[in-house]
């Protein structure tokens with residue numbers, strides 16, 4: 002992402018932390034059967050084999066959590082005085098970067114979690130920006146306060 006001469010970053014939005022906590026919880030649940038299996042095999046393994054097996058499973062768990070954290074927290078939506086830039090990391094090696102000029106944005110659609118969105122813990126959803134040409138569409142999932150982002154973009158557009 003390179004900024005133009007008179008371009009300034011106004012706000013940077015990252016994903017809301019609640020979906021990330023749910024992702025971590027799913028990962029913990031996915032690794033639990035391996036620890037349960039080690040408990041069942043504890044009588045047939047030596048102490049050193051048991052320690053090595055626990056270390057291997059723990060190392061894999063830490064690697065998976067670290068990978069998920071990096072991919073989740075590297076995603077962001079950057080709003081400048083001239084454009085909206087969405088940086089979406091699919092994997093640590095693949096990044097999609099899309100942008101739309103503020104003056105070309107025709108429609109902004111938001112989706113939130115219904116009545117639960119009144120609570121800050123659940124105030125996240127998706128925001129979709131449509132441009133005049135309909136060829137450029139930016140979607141940012143798990144956005145914190147999508148209505149606030151929409152209002153901010155309209156405020157920048159009106160200046």
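Numbering (my numbering), first residue to last: 2 to 160.
Glycine included, every Cβ here is placed at the ideal spot set by N, Cα and C.
Determine the burial state of residue i: buried for a count of at least 16 other Cβ atoms within 10 Å of its Cβ, exposed for fewer.
{"i": "residue 146", "result": "buried"}
{"i": "residue 97", "result": "exposed"}
{"i": "residue 85", "result": "buried"}
Taking the alpha carbon of residue i as the point to measure from, which residue in the options has its own alpha carbon closest?
{"i": "residue 79", "options": "159, 108, 140", "result": "140"}
{"i": "residue 152", "options": "12, 6, 28", "result": "12"}
{"i": "residue 62", "options": "34, 134, 148, 48", "result": "34"}
{"i": "residue 60", "options": "74, 72, 32, 75", "result": "32"}
What's the C-alpha gap between residue i and residue j?
{"i": "residue 113", "j": "residue 44", "result": "50 Å"}
{"i": "residue 53", "j": "residue 4", "result": "50 Å"}
{"i": "residue 68", "j": "residue 93", "result": "8 Å"}
{"i": "residue 100", "j": "residue 87", "result": "6 Å"}
{"i": "residue 48", "j": "residue 38", "result": "15 Å"}
{"i": "residue 130", "j": "residue 20", "result": "21 Å"}
According to DSSP, which residues form a beta bridge with residue i?
{"i": "residue 132", "result": "106"}
{"i": "residue 14", "result": "78"}
{"i": "residue 141", "result": "128"}
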